[in-house]
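Data first, discussion second: the structure below is written as structure tokens.
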Amino acid sequence: MAMDRQVAIVGAGVSGLIACKYVLSKGFRPIVFETEGSIGGVWNKMVETTTLQTPKDLYVFSDFPWPSEVKEPFPARDKVVDYIESYAKHFDLLKHIKFNTKVVSVDFEGTSEEEMQYWSLWNGNGEPFSNKGKWKVIVEDLKTQSSEIYQVDFVILCVGQFSGVANIPDFPPKKGPEVFNGKVVHAMDLAAMDDKEAAEFIKDKKIIIVGFQKSALDIAMECAAANGVEKPCTVMYRTAHWKVPRNYPWFVSLAFTRYAELMAHKPGEGFFLSLLATILTPLRWFYAKRIENGIKKKLNLEKFGMVPNYSLLQDVSSCMIATLPDKFYDKVDEGKIKLKKAPNFSFCPNGILVDGETTPVEADVVIFATGYRGENKLRNIFVSQTFQKLIAGTPDAAMPIYRECIQPRIPQLAVIGFSEGFSTIWTSEMRCRWLAELLDGTFKVPSIKEMEKDVAEWDEKLKLYCGSYYRKKCIGGLQIWHNDQLCKDMGWNPKRKKGFFAELFENYGPLDYASPS
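The sequence shown runs 402 to 918 under the numbering used here.
Below is the structure:
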């Protein structure tokens, strides 16, 4: 029966490969559509010096360990790409991928939207499949410019949120990039170049990098190495975010334990856990302040005027925390990187003018490392305007998907890898396992109303800690609790450690979920 069902997977990044592997394990027929000519997603679209910002012990497939010769805790880009490619070859996934193939649109056929409005169960029957409905997937071969139509039983969107649609701020007329005499690009444009082309693009140029997240800092390090103090680059940021030095003790000693999660309120926690979280809130605050003080001292943030004006907990809870490139502030101290706070700015012919200042910051090139509008890419793939609205969320709420996998009112479709955790492999693998068991009939999801209630409760609890960044959904601070829900659905024991103290204080990671028991 399973072999009669075809599953379309959009994207061959980490999430798409994992989805393909687990769909295959249940006997379904996957077909993966990948726009690029290679697998790996964003890992093939990063500047040369990029490394993992999560220790490789957390960024690991549960059933495919890193090669023993990779010793460093934060492997470089090329080693990460090699690891991902080895995974795909080991599980024979490449033959299921159609490269250089863009998904133009997906459209559900067989049931009218009017009929769907009266459904009380997902897909009308509470099942992942129906004999009535199928998805029409229109794809374009980017080499031949020819189109093809597929009829599939289920669609898994693994398009990710860190590529595709650049997030570039809007500017008033005559104050945007059009008045600038230099070049303006987005970080994804730089990453799309090969290493030699990218090096030539930044060499001997005055460069402004707008942003203060991981890609901005990686690009700044590239520019500092290329141009030195003769032509220092300027990192222009609106808000300083907390950055963690590599191998900082808190990252491995506290962040991924049940003990840490006891201090936070959780959806569906019940009276006792709610009371305990309230009682432990001062302790959570104490730990956060202790870590903040340690980071400030280690990085000398006060000297550089880079102390964030809000709690570390907010950055952690919203996945805005990042690992700082080695010796970043050394480069600032040496004059190879300049830091410039700019809540608002506009372009002028020879650079950027910060509001309230009269002298522009001169530049030959401006690089926006300001993130992506991934929700636009996801929304625009649907033909149905109703589905576009359902998948997009609202201004004060993140994408409404149950178990971070399915939209309760969109049938026979899942989204993987769009809400964040601290390890894409870990979060995606858990959700793909959950989805594979759902497709295989191991369990059923509750009613649409119950799922929407659960989504709303997660929204409520996550907003407590994420503040203004909740629009970017992150379950990093409740990773273990989220995994517990997935395990219970699948019939697994959520407790993965041996003994009470180990369960409470030992770090959790992907390898704890290598098998159902």
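Don't be surprised by glycine CBs; every beta carbon is placed ideally from N, CA and C.
{"Item": "In three-state terms, what does DSSP make of S548?", "Value": "strand"}
{"Item": "When the Cα atoms are used, what is the spatial distance from Y711 to I620?", "Value": "25 Å"}
{"Item": "Mapping the DSSP letters down to three states, classify D542 as helix, strand or coil.", "Value": "strand"}
{"Item": "When the distance is taken between beta carbons, is P474 closer than 8 Å to T771?", "Value": "no"}
{"Item": "Three or more C-beta pairs under 8 Å: does that hold for the stretch 904 to 912 against the stretch 453 to 465?", "Value": "yes"}
{"Item": "So, does the stretch 437 to 453 touch the stretch 605 to 623, judging by three or more C-beta pairs under 8 Å?", "Value": "yes"}
{"Item": "Figure out for me which residue from I817, S918, P812, V846 has the closest Cα to the Cα of G511.", "Value": "P812"}
{"Item": "If I'm right that Q880 touches F823 with Cβ under 8 Å, what's the distance once you round it to whole angstroms?", "Value": "7 Å"}
{"Item": "Sort out for me which residues DSSP pairs Y638 with in a bridge.", "Value": "K742"}
{"Item": "Okay, do the stretch 548 to 559 and the stretch 402 to 412 touch, 3+ Cβ pairs below 8 Å being the bar?", "Value": "yes"}
{"Item": "Does the beta-carbon of F844 have 16 or more other beta-carbons within 10 angstroms, so that it is buried, or is it exposed?", "Value": "exposed"}
{"Item": "Only counting runs of 4 or more residues, tell me where the alpha helix (DSSP H) segments fall wholly within the stretch 786 to 856, in order along the chain.", "Value": "786 to 793, 825 to 840"}
{"Item": "Exposed or buried, which one is H491 when buried takes at least 16 other CB atoms within 10 Å?", "Value": "exposed"}
{"Item": "When the Cβ atoms of the stretch 639 to 648 are set against those of the stretch 698 to 711, are three or more pairs found closer than 8 Å?", "Value": "yes"}
{"Item": "Could you give the distance in angstroms between the alpha-carbon of V717 and the alpha-carbon of T545?", "Value": "45 Å"}
{"Item": "Run through DSSP, which three-state label would D765 get?", "Value": "coil"}
{"Item": "Look up I782 in the DSSP assignment and say whether it is helix, strand or coil.", "Value": "coil"}
{"Item": "May I have a chain-ordered list of the alpha helix (DSSP H) segments no shorter than 4 residues that lie completely inside the stretch 489 to 528?", "Value": "514 to 517"}
{"Item": "If I follow the unbroken alpha helix (DSSP H) through P683, where does it start and stop?", "Value": "671 to 700"}
{"Item": "If I measure Cβ to Cβ from K604 and keep anything under 8 Å in the same chain, skipping five residues before and after, which residues do I get?", "Value": "A627, N628"}
{"Item": "Checking the sheet assignment: what are the DSSP bridge partners for C875?", "Value": "E821"}
{"Item": "Determine contact between the stretch 850 to 868 and the stretch 755 to 764, defined as no fewer than three beta-carbon pairs at a distance below 8 Å.", "Value": "no"}
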